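Notes to accompany the following structure.
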Amino acid sequence: MDEAKATVSKRLDYIAGEIKRYEVQMQESEKKAEQQREVLARLQQEYQRAQGKGAAKA
């Protein structure tokens, strides 16, 4: 009986570790996605400014 409890305990520890690992990966992915959104927003602003300058010259 003690062996079964130890096995279950080890499995639960493993599962908890995997959950924590995936949560960290998700946070990192969300952080990278936010950074990419910021880069995209800056590029869109630059593009719009360039379009405005081009239209002013025409």
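For what it's worth, the numbering used here labels the leading residue of the sequence shown as 86, then goes sequentially. All C-beta atoms, glycine included, are put in the ideal place defined by N, C-alpha and C. In this text, all values refer to a predicted model and were calculated from it rather than measured experimentally.
Reduced DSSP category for residue i - H, G, I as helix; E, B as strand; rest coil
i: M111; result: helix
Cutoff 7 Å; reference residue i; Cβ partners in own chain excluding five residues on either side
i: Y99; result: none
Residues of its chain near residue i, where Cβ-Cβ distance is below 8 Å and the 5 sequence neighbours each way are ignored
i: V124; result: none
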